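Below you'll find the structure, written out as structure tokens, and then a few comments.
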Amino acid sequence: MKVASFDLTPCIMGNAGAEWKTAIGTRTGREAWLVRLAADSGEVGYGYAPATTHLGSTFGGVEAELKLLAPRLVGRDPFDIEPILTDLDHRLTGAAAAKSGIDSALHELMAQNLGVPLYKLLGGKFRDSVPILRILATKSPHQMAEDAAGLVAQGYRYLKVKVDGAVDTDVARVKAVRERVGPDIQLTIDANESYTTKDAILAITRMVDYGIVLVEQPVKARDLKGLKLVTDSVPVNIEADESAMSVEDVHILISDRIVDAISLRLPNLGGLRRTLAVARMCEAAAIGYRMGAAVGSRLLAAQSLHLAVGLPNLTFGCELGEFDRLTMDPFGGMEIVDGTLSLPDGIGSGLKFTGA
Ligand SMILES: [Mg+2]
Numbered sequence: 013m014k015v016a017s018f019d020l021t022p023c024i025m026g027n028a029g030a031e032w033k034t035a036i037g038t039r040t041g042r043e044a045w046l047v048r049l050a051a052d053s054g055e056v057g058y059g060y061a062p063a064t065t066h067l068g069s070t071f072g073g074v075e076a077e078l079k080l081l082a083p084r085l086v087g088r089d090p091f092d093i094e095p096i097l098t099d100l101d102h103r104l105t106g107a108a109a110a111k112s113g114i115d116s117a118l119h120e121l122m123a124q125n126l127g128v129p130l131y132k133l134l135g136g137k138f139r140d141s142v143p144i145l146r147i148l149a150t151k152s153p154h155q156m157a158e159d160a161a162g163l164v165a166q167g168y169r170y171l172k173v174k175v176d177g178a179v180d181t182d183v184a185r186v187k188a189v190r191e192r193v194g195p196d197i198q199l200t201i202d203a204n205e206s207y208t209t210k211d212a213i214l215a216i217t218r219m220v221d222y223g224i225v226l227v228e229q230p231v232k233a234r235d236l237k238g239l240k241l242v243t244d245s246v247p248v249n250i251e252a253d254e255s256a257m258s259v260e261d262v263h264i265l266i267s268d269r270i271v272d273a274i275s276l277r278l279p280n281l282g283g284l285r286r287t288l289a290v291a292r293m294c295e296a297a298a299i300g301y302r303m304g305a306a307v308g309s310r311l312l313a314a315q316s317l318h319l320a321v322g323l324p325n326l327t328f329g330c331e332l333g334e335f336d337r338l339t340m341d342p343f344g345g346m347e348i349v350d351g352t353l354s355l356p357d358g359i360g361s362g363l364k365f366t367g368a
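For the sequence shown, the working numbering gives the first residue as 13, with consecutive numbering after it.
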């Protein structure tokens, strides 16, 4: 099998509900590129390369990166994925989202060629489904509690409260959500870098009373000393998200024990193969991990799910359900049922390209 051709197609999705606001700003939808690879033996594989400006990737930038990298795939055997990815790294530093789209499409080609689901290429599975964590956009405490109750009514047991650095309001948000959903729902927090170190310690210390299990990226991504001080100062797991943008980042985070956990996101880490490497590093270092927010098409969520079912230490809800609030998904064939996402049947990711 050799890669015969590639196509790059824009994938623009909208928000189904009201505006989506976090500490980073307000988003109106999701922009990404679909990478379609066709093999000389007839297989077709898709990958998803999102533009996420607060993580450093733009729509035009990802397009330019893909146009630079994708021609280098033509004539290569997808089963040579490690030499291929190393070649791409030599050609262009960084560009994790573009490389993730390519890595995922190569995995899909391999799975199609072998006639197996993706997880078979990633080491097999411990489980057939994962619990889904849903994200509460930043609103007033009352409105966030309302949104939380709506999600719990749909069957979700894991929620993430987005906060924005205003300590009193943020504590009130967590309090309102906890009082509304009761003690059995697992709550995590995401500050998206919005706290100073001392405010993070103050806020988290006050939130402890409301039963939070993890706080994601409390301080600036590059403030590793501040991040470590927060980790060392509070009795709650601290997780790196924006700080964990490469395998090399994660090496520093875990070797200096700067955080307790790492957010695993394919577009941040460069695809399935690099993310699996990061998971192994975390396991060796006794650092936790989660499947972080895969915001975009079902394709990204499904490919992330195939990795998640084979991770031994998955202990928190997976953030693989945000496709549910987005419109115009070109892929179908997977829905969340009772707060749980199950592996689709079929070869590769198991999804169907509908092109809608
Ligand atoms: Mg985050």
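Yeah, the Cβ is synthetic: ideal placement off N, Cα and C, and Gly gets one too. Model, not experiment: these values are computed from the prediction.
Opposing strand residues paired with G59 [DSSP bridges]: Residue pairing for G59: DSSP places it in a beta bridge opposite V47.
K237 classed as buried or exposed, judged by whether at least 16 other C-beta atoms fall within 10 angstroms: By the C-beta density criterion, K237 is exposed, having fewer than 16 other C-beta atoms within 10 angstroms.
Separation of K14 from K172, as counted between CA atoms: Each residue's Cα considered, the two are about 43 Å apart.
Selection from V86, A313, G73 that minimises the alpha carbon distance to G344: Nearest in C-alpha terms to G344, of all of V86, A313, G73, is A313.
Inter-stretch contact at 8 Å, needing at least 3 Cβ pairs: the region 157-170 / the region 37-52: In short, these stretches do not touch, since the Cβ pair count stays below three.
Buried versus exposed call for A61 [16 or more other C-beta atoms within 10 Å across all chains shown]: So A61 counts as buried.
The region 94-104 in contact with the region 131-138 per 3-pair CB rule at 8 Å: Output reads no: the region 131-138 does not touch the region 94-104.
Same chain, Cβ closer than 8 Å to S255, five either side skipped, listed in chain order: Taken in chain order, the residues that qualify are Q229, A233, R234, L236, L239, D261, L265, I270, V271.
Beta carbon of D115 nearer than 8 Å to that of R285: Yes. Within cutoff.
Local conformation of L199 per DSSP, three classes: Residue state, collapsed to three classes: strand.
Distance cut-off 7 Å: S316 Cβ against heavy atoms of ligand 1: Flag unset: Cβ of S316 not near ligand 1.
Nearest candidate by alpha-carbon position, reference E94, set L78, H119, A107, G73: Distances from the CA of E94 to each of L78, H119, A107, G73 were compared; the closest alpha carbon is that of H119.
N280, DSSP secondary structure in three states: In this structure, N280 counts as helix in the three-state DSSP scheme.
Cβ-based neighbour list, D19, same chain, cut-off 7 Å, excluding 5 preceding and 5 following: Cβ neighbours of D19 beyond the five flanking positions: R48.
Cβ pair count under 8 Å reaching 3, the region 273-281 against the region 21-37: Short answer: they don't touch.
6 Å CB neighbourhood of G333 in its chain, flanking five on each side removed: Result list for G333: I144, R146, I348, in chain order.
In DSSP terms, what L226 is bridged to: DSSP lists T200, N249 as partners of L226.
Inter-residue spacing [alpha-carbon to alpha-carbon] between T74 and A63: It should be pointed out that residue 74 corresponds to Val in this sequence rather than to Thr. Here the C-alpha atom of V74 lies approximately 6 Å from the C-alpha atom of A63.
Rounded straight-line distance, which links the Cα of E31 to that of L148: Each residue's Cα considered, the two are about 12 Å apart.
First and last residue of the uninterrupted beta strand (DSSP E) at G26: Taken as a continuous stretch (DSSP letters only), the beta strand (DSSP E) holding G26 covers 15-27.
Residues near K364 in its chain [Cβ-Cβ closer than 6 Å; skip 5 each side]: So the list reads G344, G345, once near-sequence residues are dropped.
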